[in-house]
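Numbering of the sequence shown is given in our numbering, commencing with residue 64 and proceeding in unit increments. We put the CB at the ideal spot given by N, CA and C, even for glycine. The structure presented is a predicted model; accordingly, all values stated were derived computationally and were not measured. Presented below is the structure to which this report refers.
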Amino acid sequence: MAPGRGASSGDLVVAYRSSINVLPERSQLSLRVNGELAGAFLLTSFANFTPVTLRTSALRPGLNRIQIDVAHHHRIFCGPEASFAVWTELLLPQSGVRVDTARIGVDAAGFLAAVSAQVASGAPIDIRAEGALDPQLLRHLASRLTGTLSATPDFRIVSTWTPQTGAPPKARITVLQGGTGRASIEQGGDGAVVLLLDPASGWSCHWMPCCRLSRPAAMATKPSCRRAPCPRATGSGDALCRSRPRRHHCPRPLHLA
């Protein structure tokens, strides 16, 4: 969460679905935010992804630790060779913290928040420009954003005069050809937070001083917590057991940005 946005409370949305073998009356998903229980619900969605909204006051500026625990109980099917596929799948592009766009500031933190939301939704980041772009500028932008977001955005280069179709973007980059060497963050007429660049000829990687595309201080320091060792990848084979009904504990790491 971007600092200074008053994000002490908010709505957490979890879009999920489970296998048909899950017994809904006894299976549930619980979610904790920074160690505090945000809520729990029974697993009753088996076909389409269903969003569930949980209200929490545990959100804080900066990084938040989200812990998801799922308890599965399988339906009973008779037969000597009965097998049960029990799982719950989360749709991450439709899950996360719901934030009012009016609370996103027109500054570096607001631009990063808008870019993060757009990347999480699976949409590309538009770079609007008239004419050819310097490949070095594109590499520098991609490197800065990828390092800051810990994700690799998809970029789409379009003309400045390309009409907008579909839902308006949350963020975009516009490159001018004035050669003034200026950079700023503005709000577009469609509500998008826009990184406005006007590179001078012969610019270097030390350019863009006013944009400060880096994590805010509150987001740069991770909370002190132990990290479980992960010597190898965890696959479905680790969750497979052949025996009489039993309790099988299989921790799986899940990283949500």
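Span of the alpha helix (DSSP H) around residue i
i, result
"S206", "198-212"
Where the beta strand (DSSP E) containing residue i begins and where it ends
i, result
"G73", "73-81"
"T113", "113-119"
"V93", "As written in the sequence, residue 93 is Ser, which differs from the Val given in the question. 91-96 is the extent of the beta strand (DSSP E) around S93."
"A246", "245-250"
"D261", "256-261"
Three-way DSSP call (helix, strand, coil) for residue i in this model
i, result
"L239", "coil"
"L175", "helix"
"Q181", "helix"
"L106", "coil"
"A101", "strand"
Exposed unless 16 or more other CB atoms sit within 10 angstroms - verdict on residue i
i, result
"V77", "buried"
"Q181", "buried"
"R161", "exposed"
"G229", "exposed"
"I248", "buried"
"I188", "buried"
"S120", "exposed"
"P226", "exposed"
Per DSSP, cross-strand counterpart(s) of residue i
i, result
"R191", "V221, T237"
Contact test: residue i Cβ vs the ligand FAD heavy atom, cutoff 6 Å
i, result
"R89", "Absent from the structure shown: the ligand FAD. Ligands present: none."
is_contact[residue i, chain B] using C-beta, thresh 7 Å
i, result
"E99", "Among the chains of the structure shown, chain B does not appear; only one protein chain is present."
Hey, which unbroken runs of the alpha helix (DSSP H) at 4 residues or more fall wholly within the region 122-173? none
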